[in-house]
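Participant:
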Amino acid sequence: MMDTTTNAAPRTAGPVGSPAIVARGLTKRFGRVHAVDDLSFEVRPGRVTGFLGPNGAGKSTTMRMVLGLVRPTAGSATVLGLPYGSMERPATAVGAVLEVQSFHPRRTGRNHLRVLAAASGVSDARVDEVLALVDLTDAADRKAGGYSLGMRQRLGLAGALLGDPRVLILDEPANGLDPQGIRWLREFVRRFAENGNAILISSHLLSEMAMMADEVIVIDRGRLVRQGSLADLTAGHASLRVAAADHAALQAALVAAGFQPRVDGEAFVVTGVDAADVGRIAATEGIALTQLTAQESTLEEAFLELTEGAQR
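Add 24 to the 1-based position in the sequence shown for the working numbering, that's all there is to it.
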């Protein structure tokens, strides 16, 4: 397990205990397209917050508005109590990796970071520290043009860490990482948050996000669908697996009761109902059940239920 403790550096900070990122009514229109629509959420220190949504949901646009790279049509976003653009030394407050980075192919990883450090007013000594943090010390003097996709992801993360920030914003950081690299990223993110920092991280790897995140923000078509703890999200979408000899009659009874059973082999999976309710429905219709099993919801199941429900 790596140590992400770093040397203290001057930082711009909001009040103690306040959210690290606050978005209020964020809206972005590109012509007639509402990429983000009246979106509000908070990201708190000491927590890993997963930012989830289907492709085109507005995640990347939202992250860019938080970082001042895209001007909102309406609404506002602050990091540590200030708009990103008003910070005197933003690199000491927030680090970001929004996409796979492009590097000068003939420049070594170490020299690439030295250029970024000079631009941010950070000491060269910090370069070796962040190289160690992302496990790139052995490759530091190799040309970045020869780096694998996973190594480029790590180099991008190293650049985000140069200012010793209290907030990280990561957009699909697991792209290009092998299973060992994904495990390394998970451990790094958890340790960074345990040191009292805040992380907003988007990913399509929902099973991995379930092992990484404390809270999740789910958006669809630019709108907030749900924000809450991972435990609350999955508990709220627990389901039952139910089967009967008369398959068609059971399905009709469940639909008539207002549920939307999902076919799973010879059984149905029903969300938002307890076993007693299903038993009463079956008894009323004279249907003999052959299976009635409660099953915990996964993050993937909760996510699909939330986003499909939002589209309906």
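We put the CB at the ideal spot given by N, CA and C, even for glycine.
1) Specify the secondary structure class of L316 as computed by DSSP and reduced to three states.
2) Got a sec, what are the start and stop residues for the alpha helix (DSSP H) E211 sits in?
3) In the structure shown, what three-state DSSP assignment does F283 receive?
4) To the nearest angstrom, report how far apart G205 and R286 are at their CA atoms.
5) May I have the straight-line CA-CA distance separating L278 from A300, to the nearest angstrom?
6) On the DSSP bridge list, what partners appear for A47?
7) Report the rounded CA-to-CA distance for V72 versus L230, giving the unit in angstroms.
8) In terms of DSSP beta bridges, what is F292 paired with?
9) Residue ranges of each beta strand (DSSP E) run of no fewer than 3 residues wholly in the region 230-256, ordered along the chain?
10) Identify the continuous beta strand (DSSP E) that holds L194 and give its terminal residues.
11) So what does L224 bridge to, in DSSP terms?
12) Measure the CB-CB distance between A269 and T314 and report whether it falls below 9 Å.
13) Compare the C-alpha of R250 against each of V121, L264, E332 and name the closest.
14) How about V191 and G119: are their beta carbons less than 9 Å apart?
15) Since L194 and R150 are thought to touch, with beta carbons under 8 Å apart, how far apart are those beta carbons, to the nearest angstrom?
16) Look up M25 in the DSSP assignment and say whether it is helix, strand or coil.
17) According to the Cβ coordinates, are A59 and K52 closer than 9 Å?
18) Using CA coordinates, which residue listed in G246, R113, M89 is at the minimum distance from T102?
19) Can you give the beta carbon distance from L209 to A198, rounded, assuming they're within the 8 Å contact cut?
20) What distance in whole Å lies between the Cβ atoms of T132 and A164, which are believed to be in contact at a cut-off of 8 Å?
21) In three-state DSSP terms, what is F127?
22) Label P129 either buried or exposed according to how many other C-beta atoms from any shown protein chain fall within 10 Å of its C-beta, with 16 as the threshold for buried.
23) Taking a contact to mean a Cβ-Cβ separation below 9 Å, would you say V67 touches I223 in this structure?
24) Considering only C-alpha positions, which residue in the set G282, H271, I311 is nearest to F292?
25) Per DSSP, what kind of secondary structure is R56 in: helix, strand or coil?
26) My understanding is that L337 touches L173, with C-beta atoms under 8 Å, so please give their C-beta distance in whole angstroms.
27) Could you tell me how far apart the beta carbons of L76 and I241 are, in whole angstroms, since I believe they sit closer than 8 Å?
28) Would you report the Cα separation of F283 and E309, rounded to the nearest angstrom?
29) Roughly how far, in whole angstroms, is the beta-carbon of R138 from the beta-carbon of D148, given that I think they are within contact range, below 8 Å?
30) What's the gap between the Cα of A81 and the Cα of P69?
31) For Q177, does the count of other Cβ atoms within 10 angstroms reach 16, so buried, or fall short, so exposed?
32) Run through the DSSP bridge pairs and tell me what L106 is partnered with.
33) Between A312 and A306, what straight-line distance do the alpha-carbon atoms span, to the nearest angstrom?
Facilitator: Here's the rundown:
1) DSSP places L316 in the strand class (E or B) of the three-state scheme.
2) Element bounds for E211: 203-218.
3) In this structure, F283 counts as coil in the three-state DSSP scheme.
4) If I take the Cα positions, the gap works out to 35 Å.
5) Near 13 Å, if we compare the C-alpha coordinates of A300 and L278.
6) DSSP lists F65, A101 as partners of A47.
7) V72 and L230: Cα-Cα distance of roughly 14 Å.
8) According to DSSP, F292 bridges with V266, V287.
9) Fully enclosed beta strand (DSSP E) runs of 3 or longer: 239-244, 247-253.
10) Here the beta strand (DSSP E) through L194 covers 191-195.
11) L224 pairs with T73, I193.
12) In this structure, T314 lies closer than 9 Å to A269 by Cβ.
13) Here the closest residue by C-alpha is E332.
14) Result yes, Cβ atoms of V191 and G119 sit closer than 9 Å.
15) Contact flag wrong, Cβ pair sits at about 19 Å.
16) Reliability fails at M25, whose pLDDT of 37 lies under 50, so the model's placement of it is uncertain and the value that follows must be treated cautiously. Coil at M25, not helix or strand.
17) Here A59 is near K52, since their CB atoms are less than 9 Å apart.
18) Checked all of G246, R113, M89; the closest Cα to T102 is M89.
19) Indeed, because the Cβ distance is near 6 Å, the residues count as touching under 8 Å.
20) For A164 against T132, the beta-carbon gap comes to about 7 Å, under 8 Å, which counts as contact.
21) The answer is coil: DSSP assigns F127 none of H, G, I, E or B.
22) Result: exposed.
23) Yes, the Cβ-Cβ distance between V67 and I223 is below 9 Å.
24) Shortest Cα-Cα distance from F292 to any of G282, H271, I311 involves H271.
25) In this structure, R56 counts as coil in the three-state DSSP scheme.
26) Look at the range of the chain in this structure, 25 to 336, and you will see that residue 337 is not part of it.
27) Approximately 7 Å separates the beta-carbon atoms of L76 and I241; this is inside 8 Å, confirming the contact.
28) Distance between F283 and E309, taken at the CA atoms: about 15 Å.
29) The Cβ separation is near 6 Å, so the contact holds.
30) In a straight line, the C-alpha of A81 is about 25 Å away from that of P69.
31) So Q177 ends up on the buried side.
32) Secondary-structure assignment with DSSP links L106 through a beta bridge to V103.
33) When rounded, the distance between both Cα atoms is 7 Å.
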